[in-house]
Every structure is written in structure tokens, then in C-alpha cells.
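Residue numbers (this note's numbering): 8 to 503.
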């Protein structure tokens, strides 16, 4: 007979000593917001509003974008965009139709008939107006109203809440059908300077600069199946245009750029006031005696030197919430800051505000204590898991398994190994669980792992969550008749 194994009981551990809270009402993991040089330069925000035509309820959503993919309107679309009657209806609806001022019928018909012979004259403003025009939600595209709790006819509007420093505009030149693809070769005229985007700006937007100058154009030559890309770029040093065709770079005229078949355009914010501010700052005497020296973010100072709207001074990239330097940035803080004399700081602060003002750099003691506490917690959780899992592996035939989501487990593993600074949220087994007849079972093919009962209770006591998914290995039942037969065979073999 095999003696029953002793159950591996969870050792008593005072979790609070390691900064581990006992979970009663677990909080969800905080959603991280990542930033980079790319997001600082190209990120903009669109505000979309959908109005239910039955109850007039309006739902609003904000969406981050890094480029605008604009349609190229055809003849009928242009006629609607340019017609005075359609213009009036758009303005009443509150969409972006105010781009076009009411024009005379003679001018309208001249442009309309001209398009029949030489093709439609499409401007970049036409493409923008088509993109921001109101969209009627009806038929197969009805709006699910939260107030009515039904599918309703609706109207969707969108405008820009915040324009990026560099606006990337993509023109939809390729149309992909089920069996084939085609290219739209319509010429779209675009301005080299002074692209005014004021008509597409939301009314409550804090943005002040909405004028853009062209920085670069990408062109595609060829068909939908094959072709070649070239680019036109403006040199900021001499304001001249150059064509980039593989390894060949040649200077070109502005007219050559304007006649190009644009595919992607890059526009940069234009702000003469920002240039004047930079010139004013450079004229100040940096050697002027100063009683106080101020530290300022190198990152924000780079924005001031290059952006049309650098925004308020932000020193949060080298400071913690307590006003000190985070311990993990202590060794590199000198690369993150620049020391300014008082007269330059006063000039920048009076113009842009923000802050906070920093005259002394010190490592935050509070953050240091929290860091040490987190390290103790990581070590305790990792050692305890290894200990419990080793005992689980030594069991020959465990009677019970607990299943855990590998997605959650990877997050926890990243935390205890120091790859992720924040602990995971509550255990979330919802994606690997399925309920049948009131019993929670493991979903077939789910991304899951198996742990012992003690390990489950250990993790669950810290993070909470669930649901519990228990697996019980089937026990092989040996019938009495087969036992008797085996005994007879053994006796006969022994006698022989």
C-alpha cells in the first residue's frame, strides 16, 4: 500500500511586512499611457459625435490619430460639396460643411462643366471636407442608441480637438475590389504654404495654431499592381525643394512639387510668434549673474526649439509626484535637464507657464522606500511560488489541479522578475472559463496553466479575482472480478 501524501500547507507569511495588501476589493490594473518622440510629433485627437434622430441623444468619443486617410471625391461628390443648397444643410446640421462659402451659380456651373472636359478639379480642401462631412447612419448602418435601447437612424459628425505638430495626410488613391484593384489618378491640388484647418477645428478646442506649411510629399508612379515611389522634401536651411528618387537627389522648382500626383503629404504647423520667441530668448544674456539657477527638462526645451506649440513647461519627465528625482533616474538625471539662469527661466515661465520650478535636484526618499518595499514584495512572491511549485512537482499523482490564465500569469511573472514596474490586476480567468450547468469548466484549447491548490490560494489571497477552475484527474477503478483473476494467475505461476 502507498501511504497518502501529506498536503503541502501554505506556510504562514505576514504579507503586510512585504508591502503586499490582503485583497478584499481588488482594484484593476492602471492603464498605462505611453509616449514617444513619434507620439509627441504626430499624435492628434478627433472628437466624434453621433446623434440619435429619435431621442436626440448625442454620444461623444475621443480618438487619437497619427494620420488622416482622406477620400478623393468624384464629380457627384464635388457637386454636393460645392452646391450652396448642400452647404446650407451642412451648416444647419453642425458638421464641417462651413469650409465652403456660398458661391454664385455661374461660378459653380463653370467649374462643373469644366470638369466634364478636363476632369474634376479636386483640392486638398475638398478631400478634407469630404472626410469631415456628416455621415448618415441608416439602413444596414443604423446606430445602436443606448437611450432607446434599439437600432435607430443617426447622424455622425467629427472634428479635430487637437492638431498634431506634423500632420500626415494620406490620399486614398487605391481602390480594392473583390477580384482586382484600381488606382485613382485624379490630380489633387494642394498648397505649399498656408493650409488653413480652422473650419475643421472643434469649437471648444484649446488649439491656437491651425495653419500648416508643406514639408514633404510622397508620390506613387505606376499602377495598382506595380509602381515606384519618390519623395519631394523641403530643406529648412535654404527653403528649397529636392526630389528623392532612390539614390538620386536633385533640386526642383515649386511648380514641379505642386504638379506632383500626391499620395502622402506631411504638413508642419506654422507659427511666426514661436520663431520670434526663440529669437528673443537667444538674444538674452546667459552670462548675466543670477542668484538662482533653474533646472528645466531637456525634452521640453527641444520642443520649444522645434515645435510651433511646445505647450506649458513640463519637468515631469525627470521628477516624481513628490517633487524629487526618482531613484531609477538618479544616475542619468544630468542627461535629462539643463540649468538655466533666472532671467531666461522668468522669460519662459511668463510666456508658457507650467513647471514646477526646480532649483535643487535630490533623490526622493519616499520613492526610495517604496522601491525597497516593492523589491521585498517581488522577492517574497517569487520565492514562495518557487517553493510551492517545487512541492507540487514532487507529487506523484495530485488529486486536484487549479487552472490559471497564462495571460495573467505572464503579467505577474514580468512584475516579480522586475520587467514590469506595476503589479498585475486581479486574476482574470474569464477568458479560459466556460460555464455549463452552473459549473465552471476549462475552455477547450484555452491558454492556461496548472498550479496546485496551495499556489492558487497564495496568489488569490494577494490579487483576488477568479473564477476558480478546478480539474480532478480521473481515478482508475479496478473491478473485483479482475482482481480475483489476477490472484489466481499469480498462485498458479507460483506453484509452477
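Just so it is clear, CB atoms sit at the ideal spot from N, CA and C, and this is done for glycine as well.
Residues that residue i bridges to, as DSSP identifies them
{"i": "residue 236", "result": "227"}
{"i": "residue 149", "result": "None, per the DSSP bridge assignment."}
{"i": "residue 336", "result": "Its beta-bridge partners do not exist; DSSP assigns none."}
{"i": "residue 399", "result": "Beta-bridge pairing links residue 399 to no other residue."}
{"i": "residue 457", "result": "410"}
{"i": "residue 58", "result": "65, 162"}
{"i": "residue 264", "result": "According to DSSP, which records beta bridges pairwise, residue 264 is partnered with nothing at all."}
{"i": "residue 76", "result": "177"}
{"i": "residue 128", "result": "Residue 128 is not bridged to any residue."}
{"i": "residue 448", "result": "441"}
{"i": "residue 275", "result": "173, 220"}
CB contact flag (residue i, residue j, <8 Å)
{"i": "residue 51", "j": "residue 169", "result": "yes"}
{"i": "residue 463", "j": "residue 393", "result": "no"}
{"i": "residue 231", "j": "residue 188", "result": "yes"}
{"i": "residue 191", "j": "residue 74", "result": "no"}
{"i": "residue 477", "j": "residue 381", "result": "no"}
{"i": "residue 131", "j": "residue 72", "result": "no"}
{"i": "residue 148", "j": "residue 60", "result": "no"}
{"i": "residue 399", "j": "residue 459", "result": "yes"}
{"i": "residue 206", "j": "residue 134", "result": "no"}
{"i": "residue 332", "j": "residue 371", "result": "yes"}
{"i": "residue 166", "j": "residue 67", "result": "no"}
Secondary structure of residue i, DSSP reduced to three states
{"i": "residue 242", "result": "coil"}
{"i": "residue 348", "result": "strand"}
{"i": "residue 158", "result": "strand"}
{"i": "residue 419", "result": "helix"}
{"i": "residue 269", "result": "strand"}
{"i": "residue 140", "result": "coil"}
{"i": "residue 440", "result": "strand"}
{"i": "residue 368", "result": "coil"}
{"i": "residue 375", "result": "helix"}
{"i": "residue 467", "result": "helix"}
{"i": "residue 41", "result": "coil"}
{"i": "residue 169", "result": "strand"}
{"i": "residue 462", "result": "helix"}
{"i": "residue 33", "result": "The predicted position of residue 33 is uncertain, since its pLDDT is 48 and thus under 50; no value can be drawn from it."}
{"i": "residue 46", "result": "helix"}
{"i": "residue 84", "result": "helix"}
{"i": "residue 390", "result": "helix"}
{"i": "residue 475", "result": "coil"}
{"i": "residue 255", "result": "strand"}
{"i": "residue 535", "result": "There is simply no residue 535 to check, as the chain begins at 8 and stops at 503 in what is shown."}
{"i": "residue 384", "result": "helix"}
{"i": "residue 427", "result": "coil"}
Closer than 8 Å to chain B by CB, residue i
{"i": "residue 331", "result": "Structure shown: chain B not included; a single protein chain is present."}
Supposed contact pair residue j and residue i - C-beta distance, whole angstroms, cut 8 Å
{"i": "residue 336", "j": "residue 347", "result": "20 Å between Cβ atoms; not a contact."}
{"i": "residue 315", "j": "residue 172", "result": "7 Å"}
{"i": "residue 239", "j": "residue 267", "result": "6 Å"}
{"i": "residue 514", "j": "residue 144", "result": "Outside the shown range of the chain (8 to 503) lies residue 514, about which nothing can therefore be said."}
{"i": "residue 225", "j": "residue 270", "result": "5 Å"}
{"i": "residue 454", "j": "residue 439", "result": "7 Å"}
{"i": "residue 317", "j": "residue 310", "result": "4 Å"}
{"i": "residue 359", "j": "residue 276", "result": "That pair is no contact at about 16 Å."}
{"i": "residue 291", "j": "residue 351", "result": "6 Å"}
Ordered list of alpha helix (DSSP H) runs contained in the region 171 to 226, each at least 4 residues: With a minimum length of 4 residues, there is no unbroken run of alpha helix (DSSP H) contained wholly in the region 171 to 226.
Beta strand (DSSP E) segments (min. 3 residues) lying fully within the region 277 to 343: Scanning the region 277 to 343 for uninterrupted beta strand (DSSP E) segments of 3 residues or longer gives 300 to 304, listed from N- to C-terminal end.
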